[in-house]
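J.: When we follow the numbering used here, the leftmost residue of the sequence shown carries the number 3, and every step to the right adds one. Got a structure for you, questions after.
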Amino acid sequence: MYYSFFEIFSIGVGPSSSHTVGPMRAAKRWLNNLRAQNLFEKVAKVDVTLYGSLALTGFGHGTVKAIVYGLMGLEAEEINPEIPYVNAVQQDKILHLGQERAIPFDLDKNVEFAKDIFLPEHSNGMRFKAYDESGNVLLNEVYFSVGGGTVARQDEMATRSEREPYKVPYDFESCKELMAICEKEQLSIADVVWKNECSLRSPTEVDAEITKINRVMQNSVERGIKAKGELPGGLNLERRAPKLYKRLEEKFLNNDYDPLEMIDWINLWGFAVAEENASGGQIVTAPTMGSAGIIPAVMRYYEKFAYVKSPYEINEGIKIFLLTASAICSLYRTNASISGAEVGCQGEVGVACSMAASGLVAAMGGTNRQIENAAEIAMEHNLGLTCDPLNGLVQVPCIERNAMGAIKAVNSARLALRGTGQHIVPLDSVIKTMFDTGKDMHNKYKETSLGGLAVNVTNC
């Protein structure tokens, strides 16, 4: 099933798309259902239960904060980080449901963490339950955050989709189908996505929204380069991007040439966005918050280093990059998962690396087969990547992993561009392998902080 560019790239707040943006959207969707069923005015009490991964890493990933935002009816782009929404609820024990109806709400009593319960549909489950003044249940619904900020209600999970398929001119469910469309219609992968998006909204709107997504990505890079201090959460982790940037600037001013300096710049850009995400800043899911630094870092590499050998004007190259990356992500979302809680970090950093590699090849004028090859190489060497964050925070190893993912994406693209596009392992096979690997992976390695680094680093 085709996933729209704007489902894959969306603006949200860190630190986690599946644990922050998803729960916020689920809470707001449930709130909207209360209104639609004329139950809103009857609500006297609300209870929330978090299951599995959401319960285990909820505080570190900002899940409770996000649910408060959603119950207040807020959108990610509306949130003012200077306003202490959650602190007010915590102190007053009052929630302004939909910013209209004040009800008692104690975070310690009305939010339950069911850490030992993993619902069969997905590790990221949450239940919202509303009562009237007599204690009668008004609306009881279970939602799942399935990755990248996307949510699905329990009854929708059987189809692994939260909506009906789009009516687009070029629907595809596999890379094989996508390649057949491109060959038959004589289109690039970016062309296919562009034509699909323009069937859903006007070309002017599509172009403007792509420009906006790129702008927010670039702004997150710039903020991350300049911001200083420690990241929140208790690990006492100091931001590294500002010092790395200062060193690179000094080397430039002193004509201190380093043949591997390009790698330092890519690391810097990956760090900058990942640190902004860890601080709860405004970020673009690409395809998740935890992996949001990879694509902006590789796009900066394209702009600063690789663009001179590209056949496209720079803005056109960026658009082709993002449109192509979107198509590759659509394949992963259709046939596997981008949720760390479902398949480990191979579904987040691995997919972002695959997207970035394919986008870079496209922006450099590579063929559709070279694009597929780059995406396949990138994922092949992320298979089995676990998600085991220290203290449930999107910091260690997540920040460095964004930088490493960006480097790996660039290398994958370079390998593909130096080949003919012929390759032994199809992208479809790698995607299936990733999903199979994720299903076989033990839950303690899938965004629960119950295994791996999370339990073997004892000083945290």
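Every residue gets a Cβ at the ideal spot worked out from N, C-alpha and C, and that includes glycine.
In the DSSP assignment, find the alpha helix (DSSP H) that holds proline 298 and state where it starts and stops.
T.: Residues 296-303.
J.: Using only the alpha-carbon positions, how far apart do leucine 455 and valine 45 sit?
T.: Going from the Cα of leucine 455 to the Cα of valine 45 covers about 43 Å.
J.: Asparagine 142 lies in the beta strand (DSSP E); which residues open and close that run?
T.: Looking at the DSSP string, the run of the beta strand (DSSP E) that includes asparagine 142 is 139-149.
J.: Across the segment 380-388 and the segment 313-323, are there enough close Cβ pairs to call them in contact, namely three or more that are closer than 8 Å?
T.: Contact between the segment 380-388 and the segment 313-323 is absent, because fewer than three Cβ pairs lie under 8 Å.
J.: With the cut-off set at 7 Å, would you say leucine 395 and glycine 235 are in Cβ contact?
T.: Yes.
J.: For the structure I just gave you, are there three or more beta carbon pairs, one from the segment 355-374 and one from the segment 288-303, closer than 8 Å?
T.: Segments in contact, yes.
J.: Which residue wins for smallest C-alpha separation from isoleucine 191, given the options Arg403, Val427, Thr51, Arg371?
T.: Answer by Cα proximity: Arg371.
J.: Which residue marks the beginning of the beta strand (DSSP E) containing leucine 52, and which one marks its end?
T.: Run containing leucine 52: 47-53, per the beta strand (DSSP E) assignment.
J.: Determine the DSSP secondary structure at histidine 21, reduced to helix, strand or coil.
T.: Histidine 21 falls in the helix class under three-state DSSP.
J.: Return helix, strand or coil for glutamate 9, following the three-state DSSP convention.
T.: Correct three-state label for glutamate 9: helix.
J.: Considering only residues of the same chain and omitting the five flanking positions on each side of arginine 242, which have a CB-CB separation below 6 Å?
T.: So the qualifying residues of the chain are Phe273.
J.: Which first and last residues belong to the alpha helix (DSSP H) in which glutamine 188 is found?
T.: Counting along the chain, glutamine 188 falls outside any alpha helix (DSSP H), and DSSP gives it neither H nor E.
J.: Answer yes or no: do glycine 292 and serine 18 have a C-beta to C-beta separation smaller than 7 Å?
T.: Cβ atoms of glycine 292 and serine 18: closer than 7 Å.
J.: Beta strand (DSSP E) containing isoleucine 96: first to last residue?
T.: Where isoleucine 96 is concerned, the enclosing beta strand (DSSP E) stretches over 96-99.
J.: Classify leucine 362 as buried or exposed, calling it buried when 16 or more other Cβ atoms lie within 10 Å of its own Cβ.
T.: Buried.
J.: If distances are taken between C-alpha atoms only, which option among Val351, Thr51, Lys245, Phe42 comes closest to proline 25?
T.: Answer by Cα proximity: Thr51.
J.: Is it buried or exposed, proline 122, if we count other Cβ atoms within 10 angstroms and call 16 or more buried?
T.: Proline 122 is exposed by the Cβ-count criterion.
J.: Name, in chain order, the residues that DSSP records as bridge partners for alanine 104.
T.: Answer is His98, bridged to alanine 104.
J.: For threonine 369, which residues from the same chain have a beta carbon less than 6 Å from its beta carbon, with the 5 sequence-adjacent residues on both sides left out?
T.: Excluding sequence neighbours, threonine 369 sits near Gly423.
J.: Where does the unbroken alpha helix (DSSP H) through glycine 226 begin, and where does it stop?
T.: Start and end: 205-228.
J.: By the 10 Å Cβ neighbour count, where 16 or more other Cβ atoms means buried, how is lysine 410 classified, buried or exposed?
T.: That one is buried.
J.: Is the segment 131-142 close to the segment 165-180, with three or more CB pairs under 8 Å?
T.: Because the criterion of three Cβ pairs below 8 Å is not met, the segment 131-142 and the segment 165-180 do not touch.
J.: Kindly indicate which residue of Arg217, Tyr247, Trp271 has the alpha-carbon position closest to the one of asparagine 317.
T.: For the residues Arg217, Tyr247, Trp271, the minimum Cα distance to asparagine 317 belongs to Arg217.
J.: Using 10 angstroms around the beta-carbon of serine 201, count the other beta-carbons present and answer buried if the total reaches 16, otherwise exposed.
T.: Serine 201 is exposed by the Cβ-count criterion.
J.: Three-state secondary structure (DSSP) at alanine 338?
T.: Of the three classes helix, strand and coil, the one that applies to alanine 338 here is coil, per DSSP.
J.: Do serine 12 and glycine 151 count as a contact pair if the criterion is CB distance below 7 Å?
T.: Cβ distance < 7 Å, so glycine 151 and serine 12 count as in contact.
J.: Aspartate 430 and serine 176: beta carbons closer than 7 Å?
T.: The answer is yes: Cβ separation under 7 Å.
J.: Which of the three DSSP states is assigned to glycine 14 in this structure?
T.: DSSP places glycine 14 in strand when its eight states are reduced to three.
J.: Under 8 Å, with one C-beta from each stretch per pair, do the segment 25-42 and the segment 221-230 reach the 3-pair mark?
T.: Contact fails: fewer than three Cβ-Cβ distances are below 8 Å.
J.: Would serine 125 and serine 55 be called neighbours here (beta carbons separated by less than 7 Å)?
T.: Yes. Within cutoff.
J.: Which of the three DSSP states, helix, strand or coil, is assigned to lysine 424?
T.: Note that residue 424 corresponds to glutamine in the displayed sequence, not to lysine. It is coil, neither helix nor strand.
J.: Just tell me which of Arg129, Asp118, Leu140, Glu77 has its CA closest to the CA of lysine 47.
T.: Ranking the options by Cα distance to lysine 47, first place goes to Leu140.
J.: Quick one: what's got a C-beta closer than 7 Å to isoleucine 81's C-beta in the same chain, skipping five residues either side?
T.: So the list reads Val15, Tyr71, once near-sequence residues are dropped.
J.: Determine the contact status of glycine 295 and asparagine 404, defining contact as a CB-CB distance below 7 Å.
T.: It is a contact, given that the beta carbons lie within the stated cut-off.
J.: Can you list, in chain order, the residues of its chain whose CB lies under 8 Å from that of glycine 367, leaving out five sequence neighbours each side?
T.: Once the five neighbours on either side are set aside, the close Cβ partners of glycine 367 are Ser312, Pro313, Tyr314.
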